[in-house]
Amino acid sequence: MALTLDPEDTRERIHGLAWCGFHPDGDIEWMITDEYLDPDELTAEDRAWVKAEAARACAAKRAAEASWPAQTEYDRLEAVFAQLRSEKIIALHRAGNSLADGHDDVREQWRAAGRLASGIRGCCFYHAQDLDTAVRTGRLYLAFSGGMIPEIDQREANTVAVGRRIVELLRAAGFGAQWSGNINERIEADLGQWRKRSP
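Per full-length UniProt numbering, the very first residue in the sequence shown carries number 1; after that it's consecutive.
Okay, structure coming up:
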């Protein structure tokens, strides 16, 4: 019996899940069969193919990790994010699946921290689709803002300051970073490649 799934598309998705480094090896198979594909439409052959392909992708990733440096691009990016957090800027990895999701995650953290009384002055994040692009290309697009300040002029000026600080920290970490200065455009970080060790 032939596969009912699209092997090329599914293989690309498995590769992305394995190589992004956020998921345990054992989760990738069910993420494909139960979330990415329709489980009710999968045949036994489809499931066997996914199982084998997920195992192959995870094994290849683990083999590659053995030759990686102690500090990878992701580790340097996390150091940038840690510095942002120390400066009262919310910095989130893989915040939802879209810009709207990411902003929702930021608002949730801002509310939990105490809203305006928290002193939080901005945010920086990327979402799952940005992560897919980074795995494929080594380029990561970062969204940011200058916080939940009611006054528009103050918020816009703060957003510019946050954007400049993010670019400064990215460059200090050895990454290429491009930003037009327009607060409605995202920062493009050139990581070279995406290397994050899997849990």
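The beta-carbon is built from N, C-alpha and C at its ideal position, and this holds for glycine as well.
Boundaries cannot be given for S198, as no beta strand (DSSP E) includes it and DSSP labels it neither H nor E. In chain order, V80, Q83 and L84 place their CB closer than 8 Å to the CB of L169, counting only its own chain and leaving out the 5 sequence neighbours on each side. At the C-beta level, R155 and G163 stay beyond 8 Å of one another. For Q193 against E73, the beta-carbon gap comes to about 6 Å, under 8 Å, which counts as contact.
With contacts defined by Cβ atoms closer than 8 Å, I89 and V106 do not form a contacting pair. If you compare the alpha carbons of S67, Q71, G119 and A128 with that of L92, the shortest gap goes to A128. Secondary-structure assignment with DSSP links E87 through no beta bridge to anything.
DSSP, reduced to helix, strand and coil, places Y126 outside both helices and strands of the structure shown, so it counts as coil. Here the alpha carbon of A113 sits roughly 18 Å from the alpha carbon of P150. Taking 8 Å as the upper bound for CB-CB distance, S198 and D25 are in contact here, some 7 Å apart.
Taking C-beta atoms as the reference points, E29 and K61 fail to come closer than 8 Å. With fewer than 16 other CB atoms across the displayed protein chains lying within 10 angstroms of its CB, R171 is exposed. Between T133 and E78, the alpha-carbon positions lie close to 18 Å from each other. Separation of A95 and M148 (C-alpha to C-alpha, rounded to the nearest whole angstrom) is 18 Å. If the five residues before and after D46 are omitted, its C-beta is found closer than 7 Å to the C-beta atoms of L3, T4 and L5, all from its own chain and listed in chain order. About 15 Å separates the beta carbon of A177 from that of A161, a gap too long to meet the 8 Å contact definition.
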